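Asks:
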Amino acid sequence: MFVGEKTQLKASPTELSFVWTSEDTEVATVDSNGLVTAMGDGSTHIVASSGEKTCRVPLTSITKIPLTGFNLGTTFVALSRTGKRTLVVALEPSNANDASVPEWRSNNTDVVTVDYRGEIVAVGIGTTNVVCTINNMDRTVVVNVQ
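All letters in the sequence shown, in the order written, are residues 1054 to 1199 by our numbering.
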């Protein structure tokens, strides 16, 4: 969890009454209904107890470092008809920890395809765009295959 985030935990069977506690309230707190709030960096356990039954849920809380942008190292790639090239994502800042998994697409799969790793493979002659999306931000590389 990121510091400041909340998440609702549920214990079962629901007909039992549970007591919720945090082993380290500087890392996370929990209310009587199981609502957890991340308070600071670190790791702890949230404990749900009912009678002799106890369940410990591990929790790690870190400070969010927002992604402000990213680049792909180039805006143009030239390939031969049998060429391949892998684009590498560079996050800005490099230690951003809230970036979604990159989503790749080719605007014309008759010219190039692109896989989940950013590997572009030439398919036919032409020019098209390859687009990478992270956190609703797009970066485009023009790809020319000759």
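All C-beta atoms, glycine included, are put in the ideal place defined by N, C-alpha and C. Here the structure is a predicted model, which is why all the values come from computation and not from measurement.
1. Taking 8 Å as the limit between beta carbons, can you name the residues of its chain near R1134, skipping five residues before and five after?
2. Mind reading off the beta-carbon distance from E1079 to G1057? Whole number of angstroms is fine, and I expect it under 8 Å.
3. For K1106 and V1083, I'd like the C-alpha separation in whole angstroms.
4. Would T1193 pass as an interface residue toward chain B - the criterion being a Cβ-Cβ separation below 7 Å?
5. Between which two residues does the beta strand (DSSP E) holding M1092 run?
6. Might you give, ordered along the chain, the residues of its own chain that have their beta carbon closer than 6 Å to the beta carbon of F1071, omitting 5 neighbours on each side?
7. So C1185 packs on V1142, CB below 8 Å; how close in whole Å?
8. With distances taken between CB atoms, is the gap from I1118 to S1153 smaller than 7 Å?
9. Find out if the Cβ-Cβ distance for the pair V1089, T1116 is shorter than 7 Å.
Replies: Per the coordinate set shown:
1. Numbered from 1 along the sequence shown, position 81 holds the residue referred to as residue 1134. Hits under 8 Å: A1175, G1177, I1178, V1198 and Q1199.
2. Counted from its first residue, the sequence shown places residue 1079 at position 26. Counted from its first residue, the sequence shown places residue 1057 at position 4. Not confirmed; about 14 Å, so no contact.
3. Start at 1 with the first residue of the sequence shown, and residue 1106 comes out as number 53. Start at 1 with the first residue of the sequence shown, and residue 1083 comes out as number 30. Per the coordinates, the alpha-carbon of K1106 lies some 18 Å from the alpha-carbon of V1083.
4. Chain labels in this structure do not include chain B; a single protein chain is all it has.
5. Residue 1092 sits at position 39 when you count from the first residue of the sequence shown. Segment: none, M1092 is in no beta strand (DSSP E) and carries neither H nor E.
6. Working through the sequence shown from its first residue, we reach residue 1071 at position 18. These residues qualify, in order along the chain: A1064, A1101 and S1103.
7. Counted from its first residue, the sequence shown places residue 1185 at position 132. Counted from its first residue, the sequence shown places residue 1142 at position 89. Sure, about 7 Å apart at Cβ, within 8 Å.
8. Here residue 1118 refers to the residue found at position 65 of the sequence shown. Here residue 1153 refers to the residue found at position 100 of the sequence shown. In this structure, S1153 does not lie closer than 7 Å to I1118 by Cβ.
9. On the sequence shown, residue 1089 is found 36 positions in, with the first residue counted as 1. On the sequence shown, residue 1116 is found 63 positions in, with the first residue counted as 1. In this structure, T1116 does not lie closer than 7 Å to V1089 by Cβ.
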